[in-house]
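Residue numbers (full-length UniProt numbering): 1 to 1066.
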Amino acid sequence: MSPKMTEGLDPTTKRGPIAYMARNHVAANLLMVVFLVGGLIWGSRIKQEVFPDFDLDIVTVSVLYPGASPEEVEQGIVLAVEEAVLGLDGVDKVTATAREGVGTVTIEVLVGADIQKLAQDVQNEVDRITSFPEEAEEPRVEIATRRREVVTLIIYGEQEERVLRDAAERIRDGLLQEPGITQVELSGARNLEIGIEVPQQNLRNHNLTLEEVARRVRAAAVEVAGGGVKTEGGEILVRMKERRDWGREFARIPVITTNDGTQVRLEDIAVIIDGFEDTDYYATYDGKPAIMVAVYRVGDQTPISVSSAVKSFLDRYRPSLAPGLSIAVLNDRSDIYRQRLELLLTNGLIGLGLVFLVLGVFLEARLAFWVALGIPISFLGGLLFLPTLGVSINMMSMFAFIVALGIVVDDAIVVGENVYHNRQEGMSMMAAAIQGAREVSMPVTFSILTNVVAFLPLAFVPGIIGKIFMTIPLVVITVFMVSLLESLLILPAHLGHQRQRAPKGLFGWFHDRQQGFSAWFSRNVRDRYGPFVDAALRNRYLTLAVGAAVLLLTVSYIMSGRMGMTLFPKIEADYAFVEAALPYGSAVSRTEAVRDHLIRTAREVAEENGGDRLVEGIYAEIGSSDEGVGGGHALQVRVYLTDPEVRPISTARFIEEWRRKVGEIAGLERLSLQSDRGGPGSGAALTVELTHPDLGVLEKAGEDLADALQGFAIVKDIDDGFSPGKQQLDFTVRPEGRALGLTAQEVARQVRNAFYGAEVLRQQRGRNEVKVMVRLPLEERVSEYNIEELMLRTPNGGTEVPLRQAVDIERGRAYTEIDRRAGRRVIYVTADVEPQSQAGWVLNAVKADTLPMLMDRYPGLRYSLEGKQADMAESMQSLVQGLLLAMLAIYALLAVPFKSYAQPAIVMVSIPFGIVGAVLGHMLMGYSLSVMSMFGVVALSGVVVNDSLVLIEYTNRLRRAGASAHDAVQAAGIQRFRPILLTTLTTFGGLAPMIFETSRQARFMIPMAISLGFGIVFATLITLILVPCLYLVVDDVVRLFSPARRAPEGRLEPESPADARPGPGA
1 MSPKMTEGLD PTTKRGPIAY MARNHVAANL LMVVFLVGGL IWGSRIKQEV
51 FPDFDLDIVT VSVLYPGASP EEVEQGIVLA VEEAVLGLDG VDKVTATARE
101 GVGTVTIEVL VGADIQKLAQ DVQNEVDRIT SFPEEAEEPR VEIATRRREV
151 VTLIIYGEQE ERVLRDAAER IRDGLLQEPG ITQVELSGAR NLEIGIEVPQ
201 QNLRNHNLTL EEVARRVRAA AVEVAGGGVK TEGGEILVRM KERRDWGREF
251 ARIPVITTND GTQVRLEDIA VIIDGFEDTD YYATYDGKPA IMVAVYRVGD
301 QTPISVSSAV KSFLDRYRPS LAPGLSIAVL NDRSDIYRQR LELLLTNGLI
351 GLGLVFLVLG VFLEARLAFW VALGIPISFL GGLLFLPTLG VSINMMSMFA
401 FIVALGIVVD DAIVVGENVY HNRQEGMSMM AAAIQGAREV SMPVTFSILT
451 NVVAFLPLAF VPGIIGKIFM TIPLVVITVF MVSLLESLLI LPAHLGHQRQ
501 RAPKGLFGWF HDRQQGFSAW FSRNVRDRYG PFVDAALRNR YLTLAVGAAV
551 LLLTVSYIMS GRMGMTLFPK IEADYAFVEA ALPYGSAVSR TEAVRDHLIR
601 TAREVAEENG GDRLVEGIYA EIGSSDEGVG GGHALQVRVY LTDPEVRPIS
651 TARFIEEWRR KVGEIAGLER LSLQSDRGGP GSGAALTVEL THPDLGVLEK
701 AGEDLADALQ GFAIVKDIDD GFSPGKQQLD FTVRPEGRAL GLTAQEVARQ
751 VRNAFYGAEV LRQQRGRNEV KVMVRLPLEE RVSEYNIEEL MLRTPNGGTE
801 VPLRQAVDIE RGRAYTEIDR RAGRRVIYVT ADVEPQSQAG WVLNAVKADT
851 LPMLMDRYPG LRYSLEGKQA DMAESMQSLV QGLLLAMLAI YALLAVPFKS
901 YAQPAIVMVS IPFGIVGAVL GHMLMGYSLS VMSMFGVVAL SGVVVNDSLV
951 LIEYTNRLRR AGASAHDAVQ AAGIQRFRPI LLTTLTTFGG LAPMIFETSR
1001 QARFMIPMAI SLGFGIVFAT LITLILVPCL YLVVDDVVRL FSPARRAPEG
1051 RLEPESPADA RPGPGA
């Protein structure tokens, strides 16, 4: 290094990694290339998705019990499974639901437990259960997984159900042959079934029972391997092949063979229907019969690759589609992915431009360029490490890069500005670079560490919310650590090897203007801010009192609840969704009338708001329910909307107008209109779980709570948690029946076979499972009269007796479903609140009055908050704890370099005032507080201390040089005004495009950006005014109680001469 290059360089700074890398620009450039090229290579291999993928940590046990009522399922299935799994290691919560024909037990896994081991333990325990009913099917134990839908296809048209299903199956099978597509499912289509209907008269004529017919059909429809025979010519396999796949193949099965050899075949006594299950389940799209085909992605498949494969297949398949059929492509997640990725990239590029503009104005162009170069180096360097952390490219990770955009250059700004200052003091390029980086290496390093500590709690938020947003701290922390290396090891080399020649031409003109602005700015800071901060320092107690008043007013406003609080701002949904249910067992014609009314009113809203510019199509399913209680009484309607940037009104506005037009529908048990299904912030605003051993008491308590919620005008879509089930006939065998040899089991079997059917077998036909059922014809099982007049076959001689003569019949009503938690029956009362930010206010009112009254009215009743409110309470508790831990860690990190107990507290005073700025920002932008806002506040705690850290560190340096406390802190404020303002403007500039983004797709991310952006702006005012005042107040206290330290203006802590020297190099 030439003498000229080291001119003005302190000899002690010629050693250490900073000096070495600054002088060895080859090493610095190679490190830069590793970050840039490595990031580009590894970044291209990162998985792409809309939202981060994560495990649910849930094990489910499901058991089918066809034809059983919810109470029978509870007694026969659920209780046994609950008892088996409740005591297992690794179990956190156990919930269960008994519905008609199926029982499901859901086991939530403790954090840190091995889900694979737990699933195996559950399987072992369930396998030991011997009390399941004979009619129950094999239990299925599964680890719950998230299904990630990419494209929805609707096949629709005026065609028969079989033609429609055949077309849907061909599409499904064709898609599964495409490379890159591995999961496709149908919905809106009934399951295949071969029904064998035998009239009672035919059974009587041939002295048969339905069970006997089923047994003989089963014996004649087999395919069994018989082993092999080894001959001289080779081994010959032997098998019995009487497999029958189609209904017509069952017709010739002999059922009876008389003594003279005459055979009575199945076709002689029964009607064989090769069709579909006897259920009320079908779908329409724009009023025409329809079937939905959902395409999912698996593993590392991306939305774009799966969508492209689907569209490529459809282009080839459409010409062969049956006449009268059409295909609608809806809810394409690849489009959503592209739109949101473009939105975030656009905001990121605009933010990058604003950051570079700010740097170019306040620093000379070459310095601004090298400082700004730290952004792509840090981002691509971060991409180099993200695959090992399991981070994908998604909305959360892209947003994390935007969050880091303005913050990541803070350390480079501090280094660059200090180098710039040394250059203005006359140092050479290399000397200024090494000395400038060395002087601020301590505050830069600890500012990065405080940022890391502040974002770290976001990685430990529990539950699904934490898993979704864990990506943000992982990305930001990785980028921060790379930026620290860049600012101390790469940037000084670039700045030190610049050529010392005046720029010419356009660059020279811009350089002159920038230098003039820089001089003007420095002069104004000295002439305007200097006297202002001097006045504040002389009136420091009054200044601090004003600041404290602002803080107290803000806290009081938050505590008043006027701002409201939500879990997440609603994500703009791509379709509006309605779920409705009539009383269980209602005629399908009534359900169809409700469906037609819902579709008609949705069309009216569309016509009033842009027509086709708003609505793409309307899909409706009868017999389907999200709650799993299907049947002709249940209904779902989805209104697929156009792209968010095209549609004239938001999904939430569409829902509001749709709800108004729908009005009150007589006879409905439940009606729920939603604009957010799935993803963050979805679900009912209020969910209250009620627990009591008596279901009758639960029903009354649920109704009372629902009535109380009706009193709030802002509460909508209230569900009392109970839907009356089907009418039920309970049988008890009479003594006369027992005298004939009839038992309860025998009566139940004959009734079940007649009306539900006797299952012959199940077998695969292609990709579909087909059931073969034997039962009475439809006309003999459509009325209560058919039940009472069912002829029972007695076991002692084969005589027949009507059911009504053999049993006593008691009328009742079955429950639609029975929910259980921790071994006790529960119900869930749910409601929506508009605006959702007031849900907490409603809930507090209910907790204060209604719930205590219900507990007094119904002894033994207990309640708990579930759903969004429970998630929000859990997340807020975690975030508050994380904030406190972060503040303790930040204090410790600051105390070490400052060697002081008081100075870290001075630096950290900016944290509560940063929160004030975050609240004011939400008020200004019209947002209520949310968990995302708190994410921003927690992250803000580390960012806002950086400016105070730089200010206090420079003040200490001046104090060590002999300045008084007043003069030192005032001079530090003037000297550090520019880097403090620069870091604030770059942080806010990087976030500004997101803060002011008008796209509905970005709404749920904006609160975090508001907290960070406005928090850092407000904290800057605190740093430049209140922090210097607090520094002097603490100094006053020290001098008051420590006479030995009463030097002029005193010191916070006396420094030895050794302490005044710069520390050893970094």
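No residue lacks a Cβ here, since even glycine has one placed at the ideal position from N, Cα and C.
Are the region 21 to 38 and the region 68 to 87 touching, with three or more C-beta to C-beta distances below 8 Å? no
Span of the beta strand (DSSP E) holding residue 791? 791 to 793
Just to confirm my understanding: we take residue 629, look at its own chain, exclude 5 residues before and 5 after, and list those with CB closer than 6 Å. What are they? The pLDDT assigned to residue 629 is 47, lower than 50, so where the model puts this residue is not dependable, and the model offers no usable value.
Fully enclosed by the region 280 to 329, which beta strand (DSSP E) runs are 3 residues long or longer? 282 to 285 and 288 to 297
When you compare only the Cα positions, how much space is there between residue 872 and residue 717? 21 Å
Which of helix, strand or coil DSSP assigns to residue 687: strand
Any idea what DSSP makes of residue 87, helix, strand or coil? coil
Thinking C-beta only, is residue 1030 closer than 9 Å to residue 909? yes
Output the boundary residues of the beta strand (DSSP E) element that contains residue 771. 768 to 775
Within the continuous beta strand (DSSP E) that includes residue 577, where are the two ends? 575 to 581
Spatial neighbours of residue 482 in its chain, beta-carbon cut-off 6 Å, leaving aside the 5 residues before and after: 378, 381 and 382
So for residue 997, helix, strand or coil by DSSP? coil
According to DSSP, is residue 634 part of a helix, a strand, or is it coil? strand
Residue span of the alpha helix (DSSP H) that contains residue 939, given as start and end: 931 to 943
To the nearest angstrom, how far is it from the Cα of residue 314 to the Cα of residue 188? 20 Å
Between residue 781 and the rest of its own chain, which residues show a CB-CB distance below 6 Å, the 5 nearest in sequence each way excluded? 755
Residues bridged to residue 62 (per DSSP): 104 and 140
So, is residue 805 buried or exposed, given that buried needs 16 or more other C-beta atoms within 10 angstroms? exposed
Do the region 388 to 397 and the region 38 to 55 make contact, defined as three or more Cβ pairs closer than 8 Å? yes
Identify, in the order they occur along the chain, each residue of the same chain with its Cβ nearer than 6 Å to the Cβ of residue 333, setting aside the five sequence neighbours on each side. 50, 150 and 303
If you compare alpha carbons, which of 981, 875, 982 and 185 is closest to residue 932? 875
DSSP state of residue 861 mapped onto helix, strand, coil: coil
Residue 145, buried or exposed, once every other Cβ within 10 Å from all chains shown has been counted against 16: exposed
Proximity to residue 105 [Cα-Cα], best of 744, 64 and 299: 64
Keeping to the same chain, check which residues put their C-beta closer than 6 Å to that of residue 449; ignore five residues upstream and five downstream. 893
Could you please give the first and the last residue of the uninterrupted alpha helix (DSSP H) stretch that includes residue 735? 735 to 739
Between residue 642 and residue 673, is the Cβ-Cβ spacing less than 9 Å? no
Span of the beta strand (DSSP E) holding residue 154? 148 to 157
Nearest-angstrom beta carbon gap, residue 831 and residue 1149 [assumed within contact, 8 Å]: With the chain covering 1 to 1066 only, the question about residue 1149 has no answer from this structure.
So who's on the other strand from residue 99, going by DSSP bridges? 102 and 817
Per DSSP, which residues does residue 831 bridge with? Please list them. 686
If you reduce the DSSP assignment to three classes, tell me which class residue 628 lands in. Residue confidence is low: residue 628 scores 47 on pLDDT, short of 50, so the model does not pin down where it sits. Its coordinate-derived value is still stated next. If DSSP states are grouped into helix, strand and coil, residue 628 belongs with coil.
If you pair each beta-carbon of the region 457 to 472 with each one of the region 430 to 439, do three or more pairs fall below 8 Å? no
For the alpha helix (DSSP H) that residue 276 lies in, which residues bound it at each end? That residue, residue 276, is in no alpha helix (DSSP H); its beta strand (DSSP E) goes 271 to 276.
When you compare the CB positions of residue 1123 and residue 432, do they come within less than 9 Å of one another, or not? In the structure as shown, the chain begins at 1 and stops at 1066. Residue 1123 is therefore absent and cannot be evaluated.
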